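*Asks:*
4 protein chains.
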Amino acid sequence: MSRNDYSTQWDELAQVKKELADRDWFMGTSGNLAIRVSASPTAFLVTASGKDKRKQTDEDFLLVDERGEPLKDTTLRPSAETLLHSKIFQSSQAGCSLHVHTVPNNVVSELYGDRGEITFKDQELIKAFDKWQEDDTLTIPIIHNHAHIPRLAEEFSPHVTGDKGAVLIRNHGITVWGRNAFEAKKLLEACEFLFQYQLSLLTLKNIKQPI
Amino acid sequence: MSRNDYSTQWDELAQVKKELADRDWFMGTSGNLAIRVSASPTAFLVTASGKDKRKQTDEDFLLVDERGEPLKDTTLRPSAETLLHSKIFQSSQAGCSLHVHTVPNNVVSELYGDRGEITFKDQELIKAFDKWQEDDTLTIPIIHNHAHIPRLAEEFSPHVTGDKGAVLIRNHGITVWGRNAFEAKKLLEACEFLFQYQLSLLTLKNIKQPI
Amino acid sequence: MSRNDYSTQWDELAQVKKELADRDWFMGTSGNLAIRVSASPTAFLVTASGKDKRKQTDEDFLLVDERGEPLKDTTLRPSAETLLHSKIFQSSQAGCSLHVHTVPNNVVSELYGDRGEITFKDQELIKAFDKWQEDDTLTIPIIHNHAHIPRLAEEFSPHVTGDKGAVLIRNHGITVWGRNAFEAKKLLEACEFLFQYQLSLLTLKNIKQPI
Amino acid sequence: MSRNDYSTQWDELAQVKKELADRDWFMGTSGNLAIRVSASPTAFLVTASGKDKRKQTDEDFLLVDERGEPLKDTTLRPSAETLLHSKIFQSSQAGCSLHVHTVPNNVVSELYGDRGEITFKDQELIKAFDKWQEDDTLTIPIIHNHAHIPRLAEEFSPHVTGDKGAVLIRNHGITVWGRNAFEAKKLLEACEFLFQYQLSLLTLKNIKQPI
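Chains as they are written, first to last, in UniProt numbering: chain G, 1 to 211; chain X, 1 to 211; chain Y, 1 to 211; chain D, 1 to 211.
Quick look at the structure:
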């Protein structure tokens, strides 16, 4: 495959990268993104390791196979955590997967880490995950941050149960996926909104006195 | 009516949309905006459903009648909550109506939700709502977030008592309207400032020790 | 005087306005700015009332005399609080004066309002006010927010004791002045940094447990 | 040396300056930056004193020797704290050094100041400092903010033990250095992320009740 064969996906992922960079969601060169190019066999674009994601270059992404190995000769290395994107594209029909570190998603992952999950209810924004009924709930699992990526990917895999979803990695960040880049970004934004809300409410509910 | 007949209103609403998007007030594709095009019969532009509001396109808005039904053949769907904008344009001479989700407006709506309202006093910014005297107060009602939009619109309606105003929907967001886009945006900004102030003050007043 | 006679000052003030607007420090059309054009008799440019300060137009400022009255025929009205800028330019050789509302400056003004002032010590940024020694302190007075502007100006005046300074108006905002636009902006930024610092530290010092 | 001899370094430092200015990390004209131009004898570019770092001009930086003295006739003065950059370039092979004031780095430096350091563990972002093992820790020293810069530089020096590192100066800011501008910026971002995380977690851990 040549660049022409996946220029649409490249441009979509570049656009998402720019928007997330505008929000400063890649502090310390953290974060990595992937978009599916082919379903069978699985091939996807993934962010190259060690790049400044606030810049747009021709070396931002590289094409890899289902195991996350480069499909072409290249000096670029795929992101260290490419294996998590692989698991998503192998186990679902998701088209795009986003992994970002934000302060709120890290703090939520630590506060609720021992519980292994966080659940949202009575919040309009859970509709982003097709939760339309008044008593619907959204639960996001929180997994341990294994330094060994294959071990991390193994713990991550069972949570990929559909074409869209979200998993928090404790003190590490969130991975969100959807059928396409638009949906993945929408779900990521909804999660980050809910995390910010939860932290603000926790603070205020516990210290509020009658006023 | 052709696009030429309402290009001024389109451009005004597009400009407001851009400013609110710059503040990241449409997380997870949330939020919707409307501007009146005609008074009798009522016709207004409203944001199309499911669009990325950080982009500017020719499909961002569509023209609807007083019931929120499209006035032309179109594949676009009006925002699910168009009915709330309808109620405003039917019951008042407001020219513009804005609905946005922010973390502070959601947290305020939850903290004061059981009380059904929040009141501001001794705050310079309530002047935005024509509260000029030193002992004037501004009260913003908070209503339940019914998942069924017609039921939500019914609870919303009685609060439209003038050409400008604001209503919080619990854990959902705020709807603000004014005589024109400039005024609606001014009132929205004043509300968001007051909410941020209130949350910060609540935190600090309750934990402050003499220092 | 024609526009050519004060185009330098106009451009300087427009540049400051743009920077403060980029930080979103004019929520709800709040805030007003002034720059001196002539010393004797006093004449200065001041923001016109009711404009959107995120936009740059030829009607953003108008020229007024020492009492704040327009020096030319104009449909523009000077900001309601022009009288405070007048007091500064009359009582000092300051060249620029900035009044902005931010959430932190409002919260600080309320928390320390009964005390009538806030004092900073052991903070690098007080050097902006020429406080260079290790035990130097910076004190910013906090005055009552009289709705009647002449009354407010009267309470404000005694605090204009030099060519640079800062005064908080309770739940209303800060007014900062300096010898020129660059200095006024520098002092304003230093104040806002110190306010943000103080609120964050207050929260943490009081709730911190050994960890 | 003429400007041509160090245009690459100039452009790199200008780019870093712009990114940090976009984040508003130079409030009140605070902060200063340096990049090495030559190793032996040591020569480096450093920010000129008293400039608005949100602007890009030909006078933003000047070339100085290992003692921080200008290498050319110039009206520009090197930043008052140039001596700290000197110490870094003299004692290591670092290529770039960044000093910025942020509210979170100031608050952390005060909260942990008596302890003289802050340590991070179980946080993904410490990998930026090559801490790859699950039980690795990152410790950042906190030194007293001597008003006398040579005294400050003396206390700072012993902490320059490698080609990359970070030191907090109490209520003053952080100085971070790396082998090049890209690395220095990456480390700075990682530190700021960790500080924001720590402050948020401290608040929440101590006030959280079961919910």
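All C-beta atoms in this analysis are idealised placements derived from N, C-alpha and C, irrespective of residue type, glycine included.
Here the structure is a predicted model, which is why all the values come from computation and not from measurement.
1) By Cβ distance, which residues of its chain are closer than 6 Å to H172/D, with the 5 residues on each side in sequence left out?
2) Helix, strand or coil for E66/X, going by three-state DSSP, please let me know.
3) Could you please give me the residues that DSSP links to H99/D through a beta bridge?
4) If you draw a straight line from the C-alpha of V64/G to the C-alpha of A21/D, how long is it?
5) For D122/Y, tell me which candidate among V107/D, I88/D and D136/D has the shortest Cα-Cα distance.
6) Note down, in chain order, all residues in the region 162–191 of chain Y with a beta-carbon under 9 Å from any beta-carbon belonging to chain X.
7) What number of angstroms, rounded off, separates the C-alpha of A14/G from the C-alpha of Q56/G?
8) Tell me, please, whether the CB atom of Q196/Y is closer than 7 Å to any CB atom in chain D?
9) Report buried or exposed for I211/D, applying the criterion of at least 16 other Cβ atoms within 10 angstroms of its Cβ.
10) Could you check which residue in R170/D, K131/D and G178/D has the C-alpha nearest to that of H101/D?
11) Tell whether a beta-carbon distance below 7 Å holds between G28/D and A94/Y.
12) CB-CB under 6 Å to R77/X, same chain, minus the five flanking residues each way: which ones, in chain order?
13) Quick check on E124/G: buried or exposed, where buried means 16 or more other Cβ atoms within 10 Å of its Cβ?
14) Closer than 6 Å by C-beta to L83/D: which residues in its own chain qualify, once you throw out the five before and the five after it? Chain order, please.
15) Taking buried to mean at least 16 other C-beta atoms within 10 Å of its own C-beta, is Q198/Y buried or exposed?
16) For chain D, find out if any of its Cβ atoms is closer than 7 Å to the Cβ of A153/G; answer yes or no.
17) Where does S2/D sit, in a helix, a strand or coil, going by DSSP?
18) Does DSSP classify P41/Y as helix, strand or coil?
19) Any beta carbon from chain G within less than 7 Å of L98/D's own beta carbon?
20) What residue range is occupied by the uninterrupted alpha helix (DSSP H) comprising residue 212/X?
21) Under a CB-based cut-off of 7 Å, is D122/D close to chain G?
22) Who are the Cβ neighbours of T137/Y in its own chain at under 8 Å, not counting the five residues just before and after it?
23) Output yes if chain Y places a C-beta closer than 7 Å to the C-beta of A128/D; else output no.
24) If you drop the 5 nearest sequence neighbours on each side, which residues of the same chain put their C-beta closer than 6 Å to that of L98/Y?
25) Taking 7 Å as the CB-CB limit, is G28/G close to chain D?
26) Grab the span of the beta strand (DSSP E) containing T8/D for me, first residue to last.
27) What's the C-alpha gap between S79/Y and T47/Y?
28) Under a CB-based cut-off of 7 Å, is N106/G close to chain D?
29) Decide if P158/D is buried, meaning its Cβ has at least 16 other Cβ atoms within 10 Å, or exposed.
30) Please report how far the alpha carbon of Y112/D lies from the alpha carbon of F195/D, in whole angstroms.
31) Strictly below 8 Å CB to CB, what residues from chain D border R23/G?
32) Can you list, in chain order, the residues of its chain whose CB lies under 8 Å from that of K51/X, leaving out five sequence neighbours each side?
33) Is the CB-CB distance between L155/D and I174/D below 7 Å?
34) Using the C-alpha atoms, what's the distance from D24/G back to residue 233/G?
*Replies:* Looking at the coordinates:
1) N145
2) coil
3) N32/D and T175/D
4) 36 Å
5) V107/D
6) I169, R170, N171, H172 and G173
7) 7 Å
8) yes
9) Residue confidence is low: I211/D scores 45 on pLDDT, short of 50, so the model does not pin down where it sits. No coordinate-derived value is stated.
10) R170/D
11) no
12) S49
13) buried
14) G68, I149 and A153
15) buried
16) no
17) coil
18) coil
19) no
20) With chain X represented from 1 up to 211, any question about residue 212/X goes unanswered, as that position is not in the structure.
21) yes
22) T119, F120, K121, I126 and K131
23) no
24) L33, V176, A184 and L188
25) yes
26) Careful: T8/D lies outside any beta strand (DSSP E), inside the alpha helix (DSSP H) at S7 to D22.
27) 6 Å
28) yes
29) exposed
30) 11 Å
31) Chain D residues near R23/G: none, gap ~12 Å exceeds 8 Å.
32) T29, T57, E59 and D60
33) Here the sequence assigns Glu to residue 155/D, which means Leu is not the residue at that position. No, Cβ-Cβ distance for E155/D and I174/D is not below 7 Å.
34) One cannot answer for residue 233/G here, as it falls past the ends of chain G, which runs 1 to 211.
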